[in-house]
Amino acid sequence: MPIAPEYLHLVHPDTRFDALIYGRASRDPKKKGRSVGDQIDSGRDLCDTHNWPIAEVFDQDVDRSASRHARKARKDFEALLEAIAAGKGRIVVAWEASRYYRDIEAYIRLRNACMENSVLLCYNGQVFDLSKREDRKATAQDAIAAEDEAEGIRDRVLRTTRAQAKKGAPHGRILWGYARHYDPDTGDLIEQYAHPERGPVVESIFERIAAGDTEYAVLKDLRAKGERLPGIEWEYYHLSGMLRNPGYIGRRIHQGKDVGPATWPPLVKKRKTWDAVQRIIGDPARARSVDTAVKHLQSGIATCGECADDPPLRVLKNRGDLSYQCDARYDTVIRRKLLDAYVEEAVIKWLGSKAAVAAFQSTAQEKRAEEARERQRGYESQLEEARERASTFKDGRPLLSVASLASMEARLEPLIEAAKAAAEESSAPALVRRIVGRPDVESIWNDGLSIEQRRTVLRAVVNVRLYKARVSGVRSIEPGRIKMTFVGEPGFVRAGRRGSGPALPAAEGS
Ligand SMILES: [Zn+2]
């Protein structure tokens, strides 16, 4: 049977009870439980009253939970176990059972440590001697009750998360660029708002990427301006995560799904900017080149001129040299360096030319792209509204029947796809628009672009076709061996319109 602390000296006469005091914050966001400070004070009072010298105080567990769902190790629970094993105390003092353990495993570890080192355990105004069978039983029951309580808290936290998500309210880690107001009395979140300095930084990051700046350049500037958070440098993944997070246009995402408008204001205020960034970072040309380990400038882009169906060239090893070869009939082959140097020189020259400026200055083209995007958004919002109505019930019936929704989906989905394709068709990559006509095209090309970016430019501006050499083994390039057709010239075919790609209806007369 546990005994009251005041009788401890009777049961264990002439024993010095060095005490280990343990205080732990409960994971109660409203701080209704006793604070760690209060717990420690109560423990000190208890020790003073009964003449137990305080050996050590463990009170740093403020942000960590002892529940088995907690992600971080509880350092001070571990430190407590170590102190017990090191013989630093003869009694552990805490406020209540749940302060020691939130799961049975933690209880067992504490119990074993106490048993092995003949340390007593004091909580809820009782002292337990774990070498005794009935005390082990009583503490085990308390541990089970404490675990149950912790599960209850976890369920409540999950329910709150779901409810918050439904309301569009923020939950969990704060997005960089925002700040939060809490009620000082209840600890309730009042609002999430744009951080006065960081908010505008986020907006300018999106605007720069939308305007064609590279993530690399943006990252360099961010680093030059300072750290993301004290002690944390800006890393590439911070930026790439930010650019993909719909929270910045004020959408609430819960478990990967968009659950509607958020209660916080968007930092990216223009839908147009957000859409442009998503197009740029979602460019399949980028995604493809990321997962190929060996990257070549023109593999899969330049084609064989001898074969009627325009098969792409692929890289192969030819007598120790890398070469491009027709992927379908192997009828054309050229050393990789030779073709790359020839094409790069011509492309750099063309990008700085008036013809290039003319090809990309077409505002009509941009206007068409914007109109197509507008159409796409219109269809999308119609569909969203229909889905909303189909899931809203009045007098037990949905406002829109499932059959009507299905027919609307069947009608709108192809329209959305077509509008999307038309927008992609008409818009020039922002990257290309940024380089065209610049006097320093050559140094941008050589020093400022990654191989993926060069490939993106090639796709957008030129068709390269390779023909057979008249004499085999020729090391230089004969006239007519390589034919280049630039955008705006007759016969230019847009990437994605040839080979196995689906043929799209022409949105313009080129
Ligand atoms: Zn061929």
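Numbering (the working numbering), first residue to last: 919 to 1428. Idealized CB from N, CA, C, for every residue including glycine. All of these numbers come straight from a predicted model, not from anything done at the bench.
Check                                                                                                                  : Outcome
R1247 beta carbon near ligand 1 (any heavy atom closer than 7 Å)                                                       : yes
Nearest to L900 (by Cα), restricted to the options I1219, A1226, V1251                                                 : The question about residue 900 has no answer here: the residues shown for the chain are numbered 919 through 1428.
Proximity test, M1402 beta-carbon vs ligand 3 heavy atom, cut-off 7 Å                                                  : As far as ligands go, the structure on display features ligand 1 and does not contain ligand 3.
Secondary structure of Q1243, DSSP reduced to three states                                                             : strand
At least 3 beta-carbon pairs within less than 8 Å: the stretch 1188-1203 vs the stretch 1092-1106                      : no
Cβ separation of I1009 and L1038, assumed to be a contact under 8 Å, to the nearest whole Å                            : 4 Å
Minimum C-alpha distance to M1402 - residue among S1394, Q1300, R1377                                                  : R1377
Near ligand 1: T1250 beta-carbon under 7 Å from a heavy atom                                                           : yes
Which listed residue (L1317, I1400, I1266) has its alpha carbon closest to that of D1365                               : I1266
Proximal residues to I958 (C-beta, below 7 Å), its chain only, five neighbours per side dropped                        : I939, G941, V975, D977
Where A1211 falls: helix, strand or coil (DSSP)                                                                        : Annotation note: pLDDT 41 at A1211 (below 50); position unreliable, coordinate value reported separately. Coil.
Cβ-heavy atom distance, P1230 to ligand 1, below 7 Å                                                                   : no
Check whether V1195 and A1304 have beta carbons under 8 Å apart                                                        : no
Option nearest R1286 by Cα separation, candidates A1341, F1311, A1274                                                  : A1341
Proximity winner among W1268, V1011, P1347, relative to G961 (alpha-carbon distances)                                  : V1011
Under the three-state DSSP convention, the category I1022 falls into                                                   : helix
Inter-residue Cα distance where the pair is D981 and V954                                                              : Low confidence applies here, because D981 scores a pLDDT of 48, under 50, leaving its location unreliable and the question unanswered by this model.
Candidates K1006, A1324, Q1110, L1093, of which the one nearest T1181 by Cα                                            : Q1110
Sequence-distant residues of its chain with Cβ nearer than 6 Å to G1270 (five each side left out)                      : V1359
Buried versus exposed call for L1147 [16 or more other C-beta atoms within 10 Å across all chains shown]               : exposed
Straight-line gap, L1093 to A1061 (C-alpha atoms, nearest Å)                                                           : 37 Å
C-alpha distance - A1259 paired with L1215, whole-angstrom precision                                                   : 10 Å
Exposed unless 16 or more other CB atoms sit within 10 angstroms - verdict on G1090                                    : exposed
Cβ-based neighbour list, E1145, same chain, cut-off 8 Å, excluding 5 preceding and 5 following                         : E1151, W1152
Neighbourhood of P1230 by C-beta distance below 6 Å, restricted to the same chain and skipping five residues each side : G1218, T1221, D1245
Distance between R1170 and D1228 (C-alpha atoms, nearest Å)                                                            : 46 Å
4 or more residues per run - each alpha helix (DSSP H) lying fully within the stretch 1082-1149                        : 1116-1128, 1133-1143
V1389, buried or exposed, once every other Cβ within 10 Å from all chains shown has been counted against 16            : exposed
Any non-hydrogen atom of ligand 1 closer than 7 Å to E1224 Cβ                                                          : yes
Same chain, Cβ closer than 6 Å to L1317, five either side skipped, listed in chain order                               : R1307, T1310
Contact under 8 Å by Cβ, G1095 with V1120                                                                              : yes
Through-space distance from Q1371 to L1137, alpha-carbon basis                                                         : 17 Å
Closest residue to E1133 among K1386, A1348, L1384 (Cα-Cα distance)                                                    : A1348
Pairwise C-alpha distance: R1383 and G1409                                                                             : 12 Å
Minimum C-alpha distance to V1380 - residue among P931, P1397, R1399, V1350                                            : V1350
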